[in-house]
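**Student:** Supplied in structure tokens, the structure appears directly below.
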Amino acid sequence: MALDLSPFRRAVAQLAAGLAMSREHPDNEVIRDGVIQRFEYTYELSHKFLRRFLEETEPAPGQLRESSFPALIRLGSERGLLVNGWDVWAEHRKARGTTSHAYDGAKAAEVFARIPAFLDDARALLAALDRRLSAP
Numbered sequence: 047m048a049l050d051l052s053p054f055r056r057a058v059a060q061l062a063a064g065l066a067m068s069r070e071h072p073d074n075e076v077i078r079d080g081v082i083q084r085f086e087y088t089y090e091l092s093h094k095f096l097r098r099f100l101e102e103t104e105p106a107p108g109q110l111r112e113s114s115f116p117a118l119i120r121l122g123s124e125r126g127l128l129v130n131g132w133d134v135w136a137e138h139r140k141a142r143g144t145t146s147h148a149y150d151g152a153k154a155a156e157v158f159a160r161i162p163a164f165l166d167d168a169r170a171l172l173a174a175l176d177r178r179l180s181a182p
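Count along the sequence shown from 1, add 46, and you get the number used in my numbering.
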């Protein structure tokens, strides 16, 4: 399978770097806002790469194109690609939906607080995809 994970790998690394920088400068709102933006695109890439991988490996990929997001997450979890199921990913999704309102300080803080848990899940997904793609 020719699935290039480099965009997802870069996004995860950039999110991790931004989060590390925010820990060094916890009161810097510009850094916090940048981390939130990195969360947005890393989140989008995470489910796009999950969907692409499953479309390549599942026996009925056409059904996946029409699957809901919860169904996609459940399937990814069943296939061992995700360490957390829909309950946790629903919270990530809620945080992503809140980012359009992140200029509100309380909402930005709420989203920002969710990012470390999401980063752990994104790293786990990336590692699982790497293992599957490099397996003979």
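Just so it is clear, CB atoms sit at the ideal spot from N, CA and C, and this is done for glycine as well. All values derive from a computational prediction rather than experimental measurement.
Our contact map puts G131 next to I119 with C-beta atoms below 8 Å; I'd like the distance itself, whole angstroms only.
**Tutor:** Indeed, because the Cβ distance is near 7 Å, the residues count as touching under 8 Å.
**Student:** Since E75 is in the alpha helix (DSSP H), which residue starts that stretch and which ends it?
**Tutor:** Start and end: E75 to T103.
**Student:** If you draw a straight line from the C-alpha of A48 to the C-alpha of R111, how long is it?
**Tutor:** Rounded to whole angstroms, A48 to R111 spans 19 Å at the Cα level.
**Student:** Whole-angstrom Cβ separation of R78 and F158, contact assumed at under 8 Å?
**Tutor:** That belief holds up - the Cβ atoms of R78 and F158 are roughly 6 Å apart, short of 8 Å.
**Student:** Can you find the residues in the same chain that come closer than 6 Å, C-beta to C-beta, to G80, ignoring five residues on each side of it along the sequence?
**Tutor:** Answer for G80: G64, listed in chain order.
**Student:** Measuring straight from C-alpha to C-alpha, what distance separates D167 and Q83?
**Tutor:** Cα-Cα distance, rounded: 17 Å.
**Student:** Taking its Cβ as the centre, do 16 or more other Cβ atoms sit within 10 Å of S92, making it buried, or is it exposed?
**Tutor:** With 16 or more other Cβ atoms within 10 Å, it is buried.
**Student:** Could you tell me if Y87 is buried or exposed, where buried requires 16 or more neighbouring beta carbons within 10 angstroms of its beta carbon?
**Tutor:** Exposed, since its Cβ has fewer than 16 Cβ neighbours within 10 Å.
**Student:** Since I believe R160 is in contact with E137 (beta carbons under 8 Å), could you give me their beta-carbon distance rounded to a whole number of angstroms?
**Tutor:** Right, their Cβ atoms sit about 7 Å apart.
**Student:** Among residues of its own chain, excluding the 5 on either side of P53, which ones have a beta-carbon nearer than 7 Å to its beta-carbon?
**Tutor:** Taken in chain order, the residues that qualify are L91.
**Student:** So is F115 buried or exposed if we call it buried at 16+ other beta carbons inside 10 Å?
**Tutor:** Label assigned to F115: exposed.
**Student:** Quick check: T145 and F85, are their CB atoms within less than 9 Å of each other?
**Tutor:** Cβ atoms of T145 and F85: closer than 9 Å.
**Student:** Would you check if the distance between the CB atom of L127 and the CB atom of W135 is smaller than 9 Å?
**Tutor:** No, Cβ-Cβ distance for L127 and W135 is not below 9 Å.
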